[in-house]
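Its first residue numbered 57, the sequence shown is counted upward by one per residue in this note's numbering. Below is one structure, written out as structure tokens; the observations come after it.
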Amino acid sequence: MLKKMITATLCMINLSVFIPAYADEDLSCKVEVAVATPPVQFDQNVAFNVTNEFGLSKSLTLPGGKAPQFIDKLPCTPAPLTISATVYSTPTLLQGPAIGQCVLKAGPVILDGSDNSVSVVFPYDFNCSF
């Protein structure tokens, strides 16, 4: 009987330690992206990408002249987010430009508090390799 109580107690302790590790993460962080027109023309698009080292990958494409949009439901963690952008013209879409031709000048960003956000404007906030 005592052995069963000890086993049950240890199981409860293990559950109380490991269950919070699988709790729902805070997905209230977001990145606002915008395209400056000009220099980006109305017939051009900009694909924005948000990634991290744990496999997160979200993207959004904005045409030139469109209002700013949010890439939302991002995890609010201390893991750095890499924000990149690729500009392309609609007729050359089939040529497949390299993803992430432009990287954020500020480097990776950390959104580790609930409802944290950052805003970026293409091309002013990016360094491009073309």
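The beta-carbon is built from N, C-alpha and C at its ideal position, and this holds for glycine as well. Remember, predicted model here, so these are calculated numbers, not experimental data.
So is residue i buried or exposed if we call it buried at 16+ other beta carbons inside 10 Å?
| i | result |
| --- | --- |
| residue 137 | buried |
| residue 83 | exposed |
| residue 183 | exposed |
| residue 141 | buried |
| residue 167 | buried |
| residue 86 | buried |
| residue 162 | exposed |
With 9 Å as the threshold, decide whether the Cβ of residue i is near any Cβ in chain C.
| i | result |
| --- | --- |
| residue 169 | In the displayed structure, chain C is absent; only one protein chain is listed. |
Pick out whichever of the options has its Cα sitting closest to the Cα of residue i.
| i | options | result |
| --- | --- | --- |
| residue 174 | 142, 158 and 124 | 124 |
| residue 126 | 116, 133 and 120 | 116 |
| residue 89 | 121, 110, 132 and 80 | 121 |
| residue 111 | 85, 95, 131 and 162 | 131 |
| residue 80 | 95, 94, 97 and 133 | 133 |
| residue 158 | 109, 98, 185 and 114 | 185 |
| residue 160 | 144, 181, 170 and 169 | 181 |
| residue 139 | 113, 145 and 129 | 113 |
What whole-angstrom Cβ distance do residue i and residue j have, given they're in contact under 8 Å?
| i | j | result |
| --- | --- | --- |
| residue 223 | residue 101 | In this structure the chain extends from 57 to 186, so residue 223 is not present and cannot be described. |
| residue 96 | residue 179 | 7 Å |
Answer yes if the stretch 158-178 comes into contact with the stretch 89-101, meaning at least three C-beta pairs across the two stretches below 8 Å, and no otherwise. The stretch 89-101 is in contact with the stretch 158-178.
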